[in-house]
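Have a look at the structure below, then the notes.
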Amino acid sequence: MKQKLTWMLTPLLVFFMTFSYAQEKTVTGVVTDQSGLPLPGVSVVVVGTTNGTQTDFDGNYAINATQGGQLRFSYLGQKTVTLNVGASNTLDVQLEEDAQALEEVVVTGYTSQRRSDITGSIVEVNADKLSEIITPSVEQALQGNVSGLAVSATSGTPGSTANIRIRGISSITAGNEPLYVIDGAPVSNDNVGSSGAFSSLSALAGLDNNNIKSITVLKDASATAQYGARGANGVILITTKKGRAGETVFDVNSSYGFQRDAITGPVPLTAANRLELTAEAYFNDGITATKEEAISQLLAGSFADWDAAGRPEARWDLAVRNSAASVQQHSISASGGGEGHTFYGSVGYMNQEGTVVGPSFERISGALNFSKDLTENITFSSNNSATHSLQNAFLETSAYFESPRSAKFFLSPLVLPYNADGSYNEFGGSLPNPLYNNENNIYENRLTRIISNNNLNWNLGGGLSFGSSFNVDYQGYNYRNYSNRNYGYGVPTSGDAEQYDRTNVFYVFQNYFDYNYDINDNHRFDFKVLQEYQSNRRYFLGGSGQNFADDGLFYLDNVGTPNSVSSSFSDFYVGAYMGLMKYSAFDGKYVLDLSYRREGNSRFGKDNRWGNFWSVGGAWNIHREDFLADSNVIDNLKLRGSYGVTGNANIDLNLYQSLFGYSEDYGGEGAQYVDTFGNDQLSWELSKTIDVGVDFGLFKNTVSGSVAYFHRTSEDLLLNVPLSQTTGFASQYANIGELTNKGVEVDLNFNVVNTEDVNFSIGGNFSTVKNEVTKLPLDPNGVERTITTTRTRIETGHPVREWYMPTWAGVNPETGIEEWYVNGVDGETTANFNEAEAVFQGSNAVPTFTAGLNLNFKYKNFFINANGYYSGGNKIYEGWHLYLNQSNAYPILAFNGYTSLLDRWQEPGDIARNGKFTTGAPGWQRHSKYLYDGDFMRLRALTVGFDLPQKAVDRIGINKLRFFVRGNNLLTWVKDDNLLHDPEVDVDSQGGDVTPGETGLETPPARTISVGVNLNF
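According to our numbering, the residues represented by the sequence shown are 2 to 1018, in order.
In structure tokens:
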């Protein structure tokens, strides 16, 4: 009986012992560093489960675990520790510093490197800097933060594109935009908005800044040659946020603000001004004997209604202003993970109105990034984002003057915006009321963008791994324009509509092997070989029509008279094979970088389709030498240099082929003709770059920075070459032409104070660039060709598109007539514009130097961050002076003008900027009077905030609560007092409605003040 009882009780005892052993319990403890200080944010995960948490501000944690299980503790810069859970409910952990992990790792393209191993010129901007600027398009947030990088806005309209130039202009016709790469995959950055005079829409406006972890700018060939023909203009790497193992953490960002134009801009003439100037013109032209007689005549004529109504002021500048001009941005994200998997997800919303009535930008965004260990050696990761953007656009600048921005200068101050009953004044003439058209016309740009980057990595052991990735960038764009049938430009056609859909699909497929090999810890080799295939397909379908039965029926299926229907398909392909090798010797003292890429592009003929691009770079970490081991001054000293060859293939498709065109207009029948005279010898533009620099850190890195010099030669430029008339064509594209860019870049950072309560640091950058054309094609007579417009010329020995025009000599104080220098420089003057010689004006539109200044101050829980930007050395031309800023009939009889015209000649002896007023037709002269110094300085960002003390947030069960007030473009200083428009203009557009370097009537950047909150729990 006793034996039977033993056999019965033994299994029960084992069961209860096992149950007791496996029963969960709460394990608590404190995690500290080597010095005993608590570590907040340490990831604590139960090995083999998804159960995880993080330490609080004081290093405390609490987690449910089973006795006999394991806990893994990980923290950036510390060695990961895995410990067994014993009988005790308390488990304190002290982590050891991981010296190698502490060194900053920077994404450098297809790889990531320790900063000490970098041989090229690379700048990283983190998420904190990006969040300081409220803008739909992320590239504008780089302004002032990267040396050698110039940002020029094509418009301040919300969502519009910005031009980025890294180290100057490398091409005349093939584009100068850098390549954009998101999470390792190249993406498209086209202007997907409507063309010509309408607002642009940046493809990057679909990216939510809150999802971006960092942006890295690659500037020299050592860094960019790995991207082959797309790396000549630099590369901008965007790394999105990823999840981290541990409990799920939520982050909420919300801000709301208001906007005004960053600068006041020109002030339009009032009706009283107009009366005074018109009377003066009558007198100067001899129409009346005195000015008083002229005023009486005008008050009885064109000014009679205004005078009878009590002389009201139209104030179109106030009528078209958006008094609210609000901007709001909200997002919420969640990140976390467990053993073998992580995730990050977010949703966001942005709405930004224009500073004038009409334009706005609205975006809804979402992101989901995750990674999963499929096996012990295979990991799959996927980074995905989807956005939908709506831009209410408008005519930025055109001959129709329908833009509210243009209207405040062009519309007469005698004409009121509203009738007495508050309705819109539907006045006649060639300039309609923009307020009416704003409510009844449609200009819409819609963009849906989906980006998916998927990667599979297999660790084969022994330092060898294999990876494969498939990436898709989808852009679905819709443009809609409707001019109403009742008033304005749509009346003659009973309504006019245009609509088109454009779809861009960009695929990138990559396969690669990575191999790392160490020899006695003194020699480290890192290899990467990669095969890449890219496909870009573009679909277009559009149409237009007129004659609508009702303004509410504005889609094309309701047109009474179809105008046009068009569709197209285009595609191009890129294939590449690449190899990278990095050799690091003796604890990283000496570093050698090699890269080689062989790339083929379908834009070129079969005999010139493949190109070779390569680079070599080296670095010497001098501070790791024995003779500096005991230095108390030098913490970091690295000498680096590189040379490489990159390419540029950003040209139109099929230029290498002679193509046929088709028409229905030959005798009423279809016809076929040779439309394009191709050149099958076309090939890549090549850029050869030398870069040398020194990186340093002194006094425990209290002072750090870098100094670099670069020299880039662009060869085989793609230019139009004149042809003999016997060919039947005027010109043909060919690889002929050269230009150079060279300059110096300086980055400095000072950690002035770094104590427990006070942190104060200042960072600055300064860069120069000198651009020069060194070779151009010859004309049929063997003479080197120049490329001349009404304002610029391209010629060897000068910068690209240097300003070229007659030189203004001022106003003759005796006659009041404007004069110009006969020889274009000095000496003899003439009042006959046609006798004045056009000459180079010593500058073009591209800044020759830029600078940025960053300030960060924190006292306990209060902080201040500021960012300033300076740009100069260029000149800007006033594009609309022919209509608005000349002392002739246009400002006083046809349109309106600026109050700057009041500085005019009135009688002999007057020293004035403007000549005497006349009623004569405008002179269509373009000369240096309207060419201004482009130097300006701008306070780009100022943030003042407060973090709720940690003890307070602990009591309410959250991790962080921050309140802030943020201002953008708060102050602007302009060097040239005669430059009335915003100096931040498009300096390098190639095509479109805007001439590079000209101030138009586009929307200027906005001055923004917003309040916000950041909550983390």
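Backbone N, C-alpha and C define an ideal beta-carbon position, used for all residues, glycine too.
Review point. Arg-905: which of Lys-952, Thr-816, Thr-830 sits nearest, CA to CA?
Key: Arg-905 has its Cα closest to that of Thr-816, out of Lys-952, Thr-816, Thr-830.
- Could you spell out where the beta strand (DSSP E) holding Glu-1 opens and where it closes? The first residue shown for the chain is 2 and the last is 1018, placing residue 1 beyond what the model contains.
Within 7 Å, strictly: CB atoms of Ala-326 and Thr-356: Yes, they are a contact pair.
Just curious, the beta strand (DSSP E) that Thr-380 is in, first and last residue?
-> Annotation: the continuous beta strand (DSSP E) that includes Thr-380 extends over 379 to 393.
(request) Could you tell me whether the region 737 to 755 touches the region 769 to 779, using the rule of 3 or more Cβ pairs below 8 Å? (result) Using a Cβ-Cβ distance cut-off of 8 Å, the region 737 to 755 and the region 769 to 779 are in contact, since at least three pairs of beta carbons, one from each stretch, lie closer than that value.
Counted within 10 angstroms of its Cβ, other Cβ atoms place Glu-25 as buried (16 or more) or exposed | Around the beta carbon of Glu-25, a 10 Å sphere encloses fewer than 16 other beta carbons of the protein chains shown; the residue is thus reported as exposed.
| message | Spatial neighbours of Trp-685 within its chain, please: C-beta separation below 6 Å, excluding the five flanking residues on both sides. | response | Ala-230, Gly-612, Gly-648, Ala-650, listed in sequence order.
Counting only runs that start and end within the region 919 to 979, where is the alpha helix (DSSP H) found for 4 or more residues in a row? The region 919 to 979 is shown to contain whole alpha helix (DSSP H) runs of 4 or more residues at 951 to 956, in chain order.
Inset, instruction - Measure the alpha-carbon distance for Gln-991 versus Phe-507 and round it to whole angstroms. - result: Confidence in Gln-991 is poor, its pLDDT being 49 and thus under 50, which makes the residue's placement unreliable; the coordinate value appears in the next sentence. Straight across, the Cα-Cα distance linking Gln-991 with Phe-507 is about 23 Å.
field: First through last residue of the beta strand (DSSP E) which encompasses Arg-406
entry: No beta strand (DSSP E) holds Arg-406; the alpha helix (DSSP H) holding it covers 405 to 411.
For Gly-87 and Gly-42, what's the separation of their Cα atoms in angstroms? CA-CA distance, Gly-87 to Gly-42, rounds to 24 Å.
What are the complete beta strand (DSSP E) segments, minimum 3 residues, inside the region 855 to 894?
Segments of the beta strand (DSSP E) lying fully in the region 855 to 894: 863 to 873, 876 to 879.
| field | Three-state class that DSSP yields for Pro-435 in the structure shown | value | The answer is helix: DSSP assigns Pro-435 an H, G or I state.
Query raised in the report: Could you give the distance in angstroms between the alpha-carbon of Thr-562 and the alpha-carbon of Gly-491?
Result: If you draw a straight line from the Cα of Thr-562 to the Cα of Gly-491, it comes to about 13 Å.
Check for me: the beta strand (DSSP E) holding Tyr-805 runs from which residue to which?
If you look at Tyr-805, you'll find it in the beta strand (DSSP E) that goes 803 to 806.
Rounded to whole angstroms, how far is the Cβ of Tyr-805 from the Cβ of Phe-841, which I believe are closer than 8 Å?
Their Cβ separation, rounded to whole angstroms, is 6 Å, which keeps Tyr-805 and Phe-841 in contact under 8 Å.
Q.
For Glu-686, list the residues DSSP reports as bridge partners.
A. In DSSP, Glu-686 forms a bridge with Asn-649.
Would a C-beta distance cut-off of 7 Å place Phe-251 and Phe-965 closer than the cut-off?
Result no, Cβ atoms of Phe-251 and Phe-965 do not sit closer than 7 Å.
| field | Which of helix, strand or coil DSSP assigns to Val-1 | value | With the chain covering only 2 through 1018, there is no way to say anything about residue 1.
Open item on the list: Counting beta carbon pairs with one atom in the region 285 to 302 and one in the region 367 to 378, are three or more of them shorter than 8 Å?
Closed with: At 8 Å Cβ cutoff, the stretches do not touch.
message: To the nearest angstrom, how far is the alpha carbon of Gln-114 from that of Phe-628?
response: Looking at the two C-alpha atoms, the distance is approximately 26 Å.
request  = Would you identify the three-state DSSP class for Lys-292, choosing helix, strand or coil?
outcome  = Secondary structure at Lys-292: helix, using DSSP grouped into helix, strand and coil.
| said: So within the region 789 to 839, which uninterrupted beta strand (DSSP E) runs reach at least 3 residues, ignoring any that extend past its ends? | reply: If only uninterrupted beta strand (DSSP E) runs of at least 3 residues are considered, those enclosed by the region 789 to 839 are 793 to 795, 803 to 806, 809 to 812, 819 to 822.
Practice problem: Taking Thr-279 as part of the alpha helix (DSSP H), name the residues at either end of that continuous run. | Solution: Thr-279 -> alpha helix (DSSP H) spans 272 to 285.
Quiz item: Mapping DSSP to helix, strand and coil, what is Ala-222?
Solution: Looking at Ala-222 - three-state DSSP - the assignment turns out to be helix.
_Three-state class that DSSP yields for His-982 in the structure shown_ = Note: His-982 maps to coil in three-state DSSP.
| Measuring CA to CA, which of Phe-896, Gln-392, Leu-903 is closest to Ser-431? | That would be Phe-896, whose Cα lies nearest to the Cα of Ser-431.
For this session: State the DSSP-derived secondary structure class of Glu-68, mapped to helix, strand or coil.
Result: Going by the sequence as given, residue 68 is Gln instead of Glu. Here Gln-68 sits in coil by DSSP.
| In whole angstroms, what is the alpha-carbon distance linking Ser-466 and Asn-455? | Looking at the two C-alpha atoms, the distance is approximately 17 Å.
- Item | Rounded separation between Ser-768 and Trp-621 - CA only | So the alpha carbons of these two residues sit roughly 24 Å apart.
message = As an exercise, report each continuous beta strand (DSSP E) stretch of at least 3 residues that is fully enclosed by the region 561 to 619, in chain order.
response = The DSSP assignment places 562 to 586, 591 to 602 as complete runs of the beta strand (DSSP E) inside the region 561 to 619, in order along the chain (cut-off: 3 residues).
- Message: Within a Cβ cutoff of 6 Å, which residues of the same chain sit near Asn-512, ignoring the five residues on either side of it in sequence?
- Response: Within the same chain, Asn-512 has close Cβ partners Ser-469, Gln-532.
Item to complete: Could you tell me which of Ala-890, Arg-967, Leu-981 sits nearest to Tyr-283, measuring between CA atoms?
Response: Check the Cα spacing between Tyr-283 and each of Ala-890, Arg-967, Leu-981: the tightest is with Ala-890.
When DSSP builds the beta bridges, which residues end up paired with Ser-122? Residue pairing for Ser-122: DSSP places it in no beta bridge.
Could you check which residue in Gly-78, Val-560, Val-575 has the C-alpha nearest to that of Arg-599?
Comparing Cα-Cα distances from Arg-599 to each of Gly-78, Val-560, Val-575, the minimum goes to Val-575.
### Message
Does the region 871 to 887 come into contact with the region 996 to 1014, if we say contact requires no fewer than three beta-carbon pairs (one atom in each stretch) closer than 8 Å?
### Response
With a cut-off of 8 Å, the region 996 to 1014 and the region 871 to 887 count as touching, because enough Cβ pairs lie within range.
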